[in-house]
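Numbering-wise (the numbering used here), the sequence shown opens with residue 841 and increments by one. Glycine is no exception: its CB is placed at the ideal position from the N, C-alpha and C atoms. Structure first, then comments.
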Amino acid sequence: MSTISFARGVPAPECLPVEELADCARAALQRDGKSVLSYGPAGGYAPLREWIAERHSVAPERVLLTNGSLQGFVFLAQRLAGHRVLVERPTYDRPLKILRTIGAAVVPLAMDDEGLDPQALEAALATGPAPALLYTIPTFQNPSGRTLSEERRRRVVELARANDLLVLEDDPYGLVRFDGAAAPSLFELAGGEGIVYSSSFSKTIAPGLRVGYFLLPAELERELEAAAVSTYITPVLLGQATVYEFVRRGNFDGNLERVRSLLGTRRDAMLEALATDLAGHATWSRPDGGYFIWLDLPVDTDAARLLERATEAGVTFVAGADFGGEPNSARLAFSFVSPDEIREGVRRLATLVAPIAV
Ligand SMILES: Cc1ncc(COP(=O)(O)O)c(C=O)c1O
C-alpha cells in the first residue's frame, strides 16, 4: 500500500509546464545568455521586474526579485531580531521558525473563518511595545485555506496606518482561485503605502524556478537589496529570464487556467470526500482557491498522535500545532495527490477519527 500524502504543499506534477519551460529556458539563453549566465543586479532580471511593476502599477525599482519569496522573507526578517512581530494563529510554519530563530518576539493573533480578527490586532497594538511587523497571508492562507473578508481588509489597513505598523502581505496563492471574485489586496487598499507585498511564480508556474518577488516601500529597497547581495551575490537570473520568456510569450494566463482547473478538481474531490466520510467527525474550511483545507477534529483528539496512526494506515497530513494551531487541528493539502488518491486518503483517515461528542 503506498502512502497518500496530504502533507506535501506542492503542486501535482501535471501542473508543471515542463516542455514549455524547457523551450523558454533555451530561448532565454539564446537571446540573453551572456548576461543571465553571469553575475547580475541584486534586484533581478530587469525585463521581469518591469513586467511585475506594470501588473502592480508600481515603479520597477520597488520590485525585488528573490530566489523564492521565502528567501525575501529571510531578508526582511533580519531587521526583526528582538522586536515584536504579529502573526496569524495558525500561520505558515517556515516564517514562524525563521522569526523564532532570529529572536523575534512572535505574537499570535486569533483568526476565524473570515481570516485574521481585527479586534485581536487592535488589542495587540494597544498593549506592549510597538510591533515591528504584521505578517499576514490574507488569501487562501497557508495553512488554513481561509481568506480575509474585504471589510476586514479595510480595517486591517486602517489600523496599520493609524499605528504606523509595517505589514507584510504574503500572497503566493491569490491567483490560484477556483471560484468567486477576488477582494482587493491590502497593498491595493493602502494605495501601495506602508504594505510590503510578496508573491511568487511557485504556484502559478513552478516552484523549482525559485522566482519570488517583493514590492517594497522606498526605504526598504536598498536594505533588502544589500541583504540579497551579501547572501547570494546574484539572484538566479536564468530562472527569472525563463519566467520572463514564459510571460512574454503570453503563456501565463493560459497556464494559470490549466492549474486552476487541475487543482479545483482536487479541492472538489477533497470537500466531497470529507462530506461523505468525516461529517459528524470533524469540521473544515471551504477555500475558494489555494492548496489547503484546515480540519478541526474533536477537542480530545491529539492530531500529532492521530498522524502516527494515520501514517501506519497509509495517509499523512501536518498536525495543526506545527503552525501554532490547536492540538486537535490538521492541515490537509489537496494540491499534490490525484482525486482518486484524495478519496482513498480521506477514507483511510476517517476510519481513525472518532465522532464529535454531542
Ligand atoms: C504562504 C507562503 N508564503 C511563501 C511560500 C514560499 O514560496 P516560494 O516558493 O516563493 O519561496 C509558501 C510556500 O509554500 C507559502 O505557502
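Q. F1054 bridges to which residues according to DSSP?
A. Position 214 of the sequence shown, counted from the first residue, corresponds to residue 1054. For F1054, which the question treats as bridged, DSSP gives the partners L904 and S1038.
Q | Element boundaries [beta strand (DSSP E), containing D952] | A | Walking along the sequence shown from the start, residue 952 turns up at place 112. Run containing D952: A945 to D952, per the beta strand (DSSP E) assignment.
(Q) Restricting to Cα atoms, I'd like to know which of S1042, G912, D1180 and L999 is closest to L1026. (A) Here residue 1026 corresponds to residue number 186 of the sequence shown, with the count starting at 1. Checking every option, the nearest Cα to that of L1026 belongs to L999.
Q) Quick one: is the Cβ of P1047 within less than 7 Å of any heavy atom of ligand 1? A) Along the sequence shown, read from residue 1 onward, the residue named residue 1047 stands at position 207. The answer is yes for P1047.
**Q.** For L1008: DSSP bridge partner residues
**A.** Taking the sequence shown and counting its residues from 1, the one referred to as residue 1008 is at position 168. Y975 and V1036, per the DSSP bridge assignment.
Q) Does ligand 1 have a heavy atom nearer than 7 Å to the CB of P1012? A) For this step, residue 1012 is matched to residue 172 along the sequence shown. P1012 Cβ: within cutoff of ligand 1.
Q: For my contact list, A847 and V1158 are in at a C-beta cut-off of 8 Å; report their separation, rounded to the angstrom.
A: Residue numbering aside, residue 847 sits at position 7 when the sequence shown is read from its first letter. Residue numbering aside, residue 1158 sits at position 318 when the sequence shown is read from its first letter. Right, the Cβ-Cβ distance comes to about 5 Å (below 8 Å), so this counts as a contact.
Q: Check whether the Cβ of G1129 sits closer than 7 Å to any heavy atom of ligand 1, and report yes or no.
A: Taking the sequence shown and counting its residues from 1, one reaches residue 1129 at position 289. No, since every heavy atom of ligand 1 falls outside the 7 Å radius drawn around the Cβ of G1129.
Q | With 16 other Cβ atoms within 10 Å as the buried cut-off, status of A1023 | A | Indexing the sequence shown from 1 puts residue 1023 at position 183. Classification of A1023: buried, given that the 10 Å Cβ count is 16 or more.
Q: Mind checking which residues open and close the alpha helix (DSSP H) that includes S909?
A: What you label residue 909 is simply residue 69 of the sequence shown in a count that begins at 1. Element bounds for S909: S909 to A917.
Q) For E1097, which option in T1044, E1112, I1073 and I844 has the closest C-alpha, if you only look at C-alpha atoms? A) Along the sequence shown, one-based indexing puts residue 1097 at 257. It is T1044 whose Cα lies nearest to the Cα of E1097.
Q. Measuring from the CB of Y932, is there a heavy atom of ligand 1 at a distance below 7 Å?
A. Taking the sequence shown and counting its residues from 1, one reaches residue 932 at position 92. Yes, the beta carbon of Y932 sits closer than 7 Å to at least one heavy atom of ligand 1.
Q: Taking only heavy atoms of ligand 1 into account, decide whether any of them is closer than 7 Å to the Cβ of N982.
A: Locating residue 982 in the sequence shown gives position 142, counting from the first residue. At least one heavy atom of ligand 1 is nearer than 7 Å to the Cβ of N982, so yes.
Q. With 8 Å set as the bound, which would you pick, yes or no: does the beta-carbon of W1124 sit closer than that to a beta-carbon of chain C?
A. Given the protein chain composition of this structure (a single chain), no chain C is represented.
Q. Can you give the beta carbon distance from L1135 to A1190, rounded, assuming they're within the 8 Å contact cut?
A. Residue mapping note: residue 1135 aligns to position 295 of the sequence shown, counting from 1. Residue mapping note: residue 1190 aligns to position 350 of the sequence shown, counting from 1. By a beta-carbon distance limit of 8 Å, L1135 does not contact A1190. Their separation comes to about 11 Å.
Q | Check: S1175 C-beta below 7 Å from any heavy atom of ligand 1 | A | Numbered from its first residue, the sequence shown carries residue 1175 at position 335. The answer is no for S1175.
Q) By how many angstroms is the C-alpha of A945 removed from the C-alpha of R1062? A) In the sequence shown, residue 1062 corresponds to position 222, counting from 1. In the sequence shown, residue 945 corresponds to position 105, counting from 1. Approximately 25 Å, taken between the alpha carbons.
Q. In three-state DSSP terms, what is A1170?
A. Start at 1 with the first residue of the sequence shown, and residue 1170 comes out as number 330. Correct three-state label for A1170: strand.
Q.
Distance check for A960 and R924, CA to CA, integer angstroms please.
A. In the sequence shown, counting from the first residue as 1, residue 924 sits at position 84. In the sequence shown, counting from the first residue as 1, residue 960 sits at position 120. Each residue's alpha carbon lies about 15 Å from the other.
Q.
Please determine whether the Cβ atom of G849 lies at a distance below 7 Å from any heavy atom of ligand 1.
A. Against the sequence shown, residue 849 aligns to sequence position 9. At least one heavy atom of ligand 1 is nearer than 7 Å to the Cβ of G849, so yes.
Q | Selected residue, minimal CA-CA separation from L920, among F1174, V1007 and S989 | A | Here residue 920 refers to the residue found at position 80 of the sequence shown. Of F1174, V1007 and S989, the residue nearest in Cα terms is V1007.
Q) With respect to the alpha helix (DSSP H) encompassing D1180, which residues constitute its N-terminal and C-terminal limits? A) Here residue 1180 refers to the residue found at position 340 when the sequence shown is read from its first residue. Where D1180 is concerned, the enclosing alpha helix (DSSP H) stretches over P1179 to A1190.
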